[in-house]
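> Chains as they are written, first to last, in our numbering: chain Y, 1 to 381; chain H, 382 to 530.
Note that the Cβ used here is the ideal one computed from N, Cα and C, for glycine as well.
Small disclaimer: the values here were computed from a predicted structure and weren't measured.
Encoded as structure tokens, here's the structure I'll be asking about.
Okay, structure coming up:
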């Protein structure tokens, strides 16, 4: 347990923020530093996602917070995978003596991004050449095709899919500031319109503006800071041997994500097993990603993830409370950074109405197409 | 149902595939060294060192691996008139390692495991490709009221 998360911060998620991403990110970082009781001048490392975050460069954030000696600086992987893998980079840097205080952040302004969330795929030459002319375009379409194949191999009902956003919404209603707070039951889910069969709008994450940040330092120093440290017990990273362009069509293990590899590595590094985990913060860009990752991580057998969710396992009172802030589906599209923040707050016991009793071990995951990262976080016992 | 209005870009990267379609052929890049198809091709990269990629004609025949009926217009510049579209991933008989993205011909129900065959047709000012279930009969007869049998 060499490093710990000592501070977390976020700006309130909003459908639209008037400020650029940089301003949102700097606010989130300042709040995380304040949470830790650290000054920006003490930050000597920055570790961030490397591909999809635009407008919040490490140099600008470092100057804004007054970091004087940014002696470790790294960008890694894609979207949620990069956000969670940044924890691994911070761990490596601190263990190696390359940095003492590492800041990690993610910010996004989908309200101002031309082409919205789909633009990242529209810019891909392979998709423009070989997919879009046949109507195969947009993240909901990719995950809908996964769902159809899953239904073919294992069976999948609308009730099973619906159990995922219903659980997320129940947690969001216990989370101040979560963007989707309206009560949701199965009737409400079934009445929702289909976007790409079999997925409904409610199977898809929110689209909004957000920023969140966390601060990591060595465990010894962490114990002298303002908040109880949350230990980074183990991290893991993995990929599927396909390109980002080809991931959603050519992945040889079509119904597996690289959570198989990253999860195995993270659990091994932490010396823990899925049975030790109290809460799960699982990258939930779509309901299908939750189902597949829960299987890949070992919480349910392959093909049984949908039934696991529908049995009430992931909701309030379930055996594996999952996305206890509402996740990307109901809290905010913070691309995994919100999942890290939530795990830390749960393990500190700070979540008020949303607190999961006895939460001592959390698994946090981030997905970015072929890449995946898993982190196991624990209370300082 | 609808035909996507999104035309492939006129680029060096997209060209060989769509030149094939214009010639009523399905062509895929195959390594002259090991014989494997490289899908999707990596721009400017050969599969095996010292070998080259040859765009090779294969039969447009295969099996539906998965599909989705797209009901919301996600494509840039598209509108509600452009959906629904049934997109399919087809496992090709002649290139089993490839899952080709395609579109199912209007009027057919998508079912995983269905054998399909590609047909080339005029879509505005370009040739296009769509997949029809094998043994389903002529599309025109269905559109004129043919039964599902």
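(1) Could you check the C-alpha separation between residue 377 of chain Y and residue 313 of chain Y for me, to the nearest Å?
(2) DSSP three-state call for residue 377 of chain Y: helix, strand or coil?
(3) Measuring CB to CB, does residue 14 of chain Y end up less than 9 Å from residue 208 of chain Y?
(4) Which residue wins for smallest C-alpha separation from residue 318 of chain Y, given the options Y/83, Y/181, Y/243, Y/358?
(5) Hey, does residue 447 of chain H have any beta-carbon neighbour from chain Y nearer than 9 Å?
(6) Return the first residue and the last residue of the alpha helix (DSSP H) that residue 250 of chain Y is part of.
(7) Just the chain Y side, please: which residues come within less than 7 Å of residue 385 of chain H by C-beta, in chain order?
(8) If we ignore side chains and look at the alpha-carbon of each, how far apart do residue 131 of chain Y and residue 482 of chain H end up?
(9) Looking at the structure shown, is residue 154 of chain Y part of a helix, part of a strand, or coil, going by DSSP?
(10) Can you list, in chain order, the residues of its chain with a C-beta nearer than 6 Å to that of residue 69 of chain Y? Leave out the 5 residues immediately preceding and following it.
(11) Using a beta-carbon distance below 9 Å, is residue 489 of chain H in contact with chain Y?
(12) Candidates H/446, H/475, H/442: which alpha carbon is nearest residue 501 of chain H's?
(13) So the alpha helix (DSSP H) residue 295 of chain Y belongs to, where does it begin and stop?
(14) At 8 Å on the CB atoms, spell out the chain Y contacts of residue 462 of chain H, in chain order.
(15) To which residues of the same chain is residue 276 of chain Y closer than 8 Å at the C-beta, ignoring the five residues directly before and after it?
(16) If you run the structure through DSSP and keep just helix, strand and coil, what is residue 493 of chain H?
(17) Along the region 193-225 of chain Y, where does the CB come closer than 9 Å to a CB of chain H? Name the residues.
(18) Can you tell me whether residue 106 of chain Y is helix, strand or coil according to DSSP?
(19) Measure how close the beta-carbons of residue 386 of chain Y and residue 93 of chain Y come, nearest whole angstrom, since I'm counting them as under 8 Å.
(20) For residue 193 of chain Y, does the three-state DSSP call read helix, strand or coil?
(21) Going by other Cβ atoms of all chains shown within 10 Å of its Cβ, with 16 needed for buried, is residue 259 of chain Y buried or exposed?
(22) Answer yes or no: does any C-beta atom of chain Y fall closer than 9 Å to that of residue 484 of chain H?
(23) Taking beta-carbon pairs under 7 Å, can you tell me which members of the region 249-265 of chain Y lie near chain H?
(24) In the region 208-252 of chain Y, which residue ranges form an unbroken alpha helix (DSSP H) of at least 4 residues, counting only runs that do not cross its ends?
(25) Against chain H, does residue 130 of chain Y count as a neighbour if the rule is that its beta carbon must be under 9 Å from one of theirs?
(26) So, does the CB of residue 494 of chain H fall closer than 9 Å to a CB anywhere in chain Y?
(27) Answer yes or no: does any C-beta atom of chain Y fall closer than 9 Å to that of residue 457 of chain H?
(28) What residues match up with residue 511 of chain H in a beta bridge as DSSP calls it?
In this structure, then:
(1) 20 Å
(2) strand
(3) yes
(4) Y/358
(5) yes
(6) 247-250
(7) 133, 134, 135
(8) 6 Å
(9) helix
(10) 44
(11) no
(12) H/442
(13) 287-296
(14) Result: empty, since nearest Cβ-Cβ is about 13 Å, beyond 8 Å.
(15) 361
(16) coil
(17) 193, 194, 195, 196, 197, 198, 199, 201
(18) strand
(19) One cannot answer for residue 386 of chain Y here, as it falls past the ends of chain Y, which runs 1 to 381.
(20) coil
(21) buried
(22) yes
(23) 249, 250
(24) 219-222, 247-250
(25) yes
(26) yes
(27) yes
(28) H/500
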